[in-house]
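Q: One structure follows; several queries about it will come next.
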Amino acid sequence: MFHRTTRLTRLTADGEAYLTACASALDEITASQAALSSSNRVLSGRIHMDMPVAFGRRVLLPALIEITRPHPGLSLSLTFTDATSDLLQDDVDIAIRFGTLRDTSHLVARRLATQARVICASPSYLRAMGDPISLPDIHQHRCIVGSPKGPPLVWFVRDEYGEKRITPPATHQLSDAEAMVDAAVSGLGLAQFPISLVREHLGNGRLQAVLPGYSGMGVDIHAVWPKRAQLSPRVRYTNPDRERTKARDRSLSSLGSRRRL
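The structure is reproduced here in structure tokens:
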């Protein structure tokens with residue numbers, strides 16, 4: 070059984086905005102059927118979570134590690150996958166999902182954040198191939214895309230007519246978002262990512278954002294859990310500070326636009 074503790078909000082810098090919201094969802098699905106004393110501060114039991122590979126490893130895992138440190142009775146079973154699992158069949162308590170949710174008739178969903186996307190490449194690739202200036206230029210470049218069982222095959226962009234999806238050249242097709250990040254850093258081509266997956270690389274110059282103003286249609290991040298879980302509003306955490314998250318994403322996006330040396 071899980072009990073709420075205010076110490077759950079002590080998160081790492083990268084995971085703070087997201088785990089504040091995740092903690093709220095976790096509290097709901099693990100609410101006790103019995104009335105809880107407001108003085109309880111013990112967090113114990115096991116929770117099964119599914120999460121996208123790159124986002125889970127780079128953002129959620131560091132924060133979850135911090136959560137478990139002061140609570141030896143808390144056990145985590147984490148599955149890192151870019152495939153969509155069956156929460157009921159796989160006995161998953163909560164999953165983190167990117168993008169448009171499919172059939173949610175048997176699920177409860179909470180939007181944690183909407184995150185900007187960025188098209189980027191390594192400085193070495195851009196020195197060799199040049200910067201794309203407009204959307205049609207993408208088709209003259211080598212591109213790194215996802216797969217039918219993993220990250221999207223399409224890119225989400227905007228032009229003078231509004232937001233739309235395009236299909237870039239599938240030069241390299243990978244089923245794992247973290248592998249896509251590594252491929253982009255290694256100079257294999259252009260790629261589009263949610264900004265949280267590449268914020269560190271944009272900051273240190275290993276990747277550079279291209280086509281500023283053309284990456285559109287921010288990606289929604291949801292926590293989902295089976296409707297079978299009993300909910301308890303009494304133990305909900307506060308809503309995430311979405312405005313702060315948006316401001317940080319705008320700041321991180323500008324890092325990738327710095328001029329290459």
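In the working numbering, each residue carries its 1-based index in the sequence shown increased by 69. The C-beta atom is built at its ideal place from N, Cα and C for all residues, glycine as well.
For the putative contact between P237 and I207, defined by C-beta atoms under 8 Å, what is the C-beta separation to the nearest angstrom?
A: Numbered from its first residue, the sequence shown carries residue 237 at position 168. Numbered from its first residue, the sequence shown carries residue 207 at position 138. That belief holds up - the Cβ atoms of P237 and I207 are roughly 5 Å apart, short of 8 Å.
Q: Cα-Cα, which of H140, M286, S154, P139 is closest to M118?
A: Counting from one through the sequence shown, the residue named residue 118 turns up at place 49. Out of H140, M286, S154, P139, S154 has the C-alpha closest to the C-alpha of M118.
Q: Taking the C-alpha atoms as reference points, what is the distance between H140 and S113?
A: For the purposes of this step, residue 140 is identified with residue 71 of the sequence shown, where counting begins at 1. For the purposes of this step, residue 113 is identified with residue 44 of the sequence shown, where counting begins at 1. Going by the C-alpha atoms only, they are around 7 Å apart.
Q: Have a look at L145 and R115 and give me their C-alpha separation to the nearest angstrom.
A: Position 76 of the sequence shown, counting from 1, holds the residue named residue 145. Position 46 of the sequence shown, counting from 1, holds the residue named residue 115. Rounded to the nearest angstrom, the two C-alpha atoms are 6 Å apart.
Q: Assuming A239 and L222 form a contact by the criterion Cβ under 8 Å, report the distance between their Cβ atoms to the nearest whole angstrom.
A: What you label residue 239 is simply residue 170 of the sequence shown in a count that begins at 1. What you label residue 222 is simply residue 153 of the sequence shown in a count that begins at 1. A239 to L222, Cβ: 7 Å. Contact.
Q: Any contact between the stretch 276 to 296 and the stretch 160 to 170? By contact I mean 3 or more CB pairs, one from each, below 8 Å.
A: The answer is yes - the stretch 160 to 170 touches the stretch 276 to 296, with three or more Cβ pairs under 8 Å.
Q: If you count every other CB in all the chains shown that lies within 10 Å of the CB of E229, and 16 or more means buried, which is it?
A: Stepping through the sequence shown from its first residue, residue 229 is reached at position 160. Classification of E229: exposed, given that the 10 Å Cβ count is below 16.
Q: At what residues does the beta strand (DSSP E) containing L181 begin and finish?
A: By one-based count along the sequence shown, residue 181 stands at place 112. Here the beta strand (DSSP E) through L181 covers 176 to 184.
Q: Per DSSP, what are the beta-bridge partners of F225 in this structure?
A: Within the sequence shown, the letter at position 156 stands for residue 225. Per DSSP, R234.
Q: DSSP three-state label for D119, please.
A: Walking along the sequence shown from the start, residue 119 turns up at place 50. If DSSP states are grouped into helix, strand and coil, D119 belongs with the strands.
Q: DSSP has I213 in a bridge; who is on the other side?
A: Counting from 1 along the sequence shown, the entry for residue 213 is found at position 144. BP columns for I213 point to H241.
Q: Once DSSP output is grouped into helix, strand and coil, what is the label at L143?
A: Within the sequence shown, numbered from 1, the residue matching residue 143 stands at position 74. Strand.
Q: Quick one: residues in its chain with C-beta nearer than 8 Å to the C-beta of G215, no 5 flanking neighbours on either side, listed in chain order?
A: Taking the sequence shown and counting its residues from 1, the one referred to as residue 215 is at position 146. So the qualifying residues of the chain are D151, P221, L222, Q242, L243, S244, A246, M249.
Q: Sorted by chain position, which residues of the same chain lie with C-beta nearer than 8 Å to R227's C-beta, five sequence neighbours on each side aside?
A: Walking along the sequence shown from the start, residue 227 turns up at place 158. The answer, listed in chain order, is K233, G282, Y283, S284, G285, M286.
Q: Who pairs with G114 in a beta bridge, going by DSSP?
A: As a position in the sequence shown, residue 114 is number 45, starting the count at 1. Answer is L143, bridged to G114.
Q: Going by beta carbon distance, what residues of the same chain come within less than 8 Å of S255, once the five residues before and after it are set aside?
A: Working through the sequence shown from its first residue, we reach residue 255 at position 186. Excluding residues within five positions, the ones whose Cβ falls inside 8 Å are S191.
Q: With 16 other CB atoms within 10 Å as the buried threshold, where does L157 fall?
A: What you label residue 157 is simply residue 88 of the sequence shown in a count that begins at 1. With fewer than 16 other Cβ atoms within 10 Å, it is exposed.
Q: Please list the terminal residues of the continuous alpha helix (DSSP H) segment that includes D251.
A: Here residue 251 refers to the residue found at position 182 of the sequence shown. Residues 246 to 254.
Q: Just checking my contact of S149 with V128 at CB under 8 Å: how many whole Å lie between their CB atoms?
A: By 1-based counting over the sequence shown, the position of residue 149 is 80. By 1-based counting over the sequence shown, the position of residue 128 is 59. The amino acid occupying residue 149 in the given sequence is Phe; Ser does not appear at that position. Contact doesn't hold; Cβ gap of about 12 Å is too wide.
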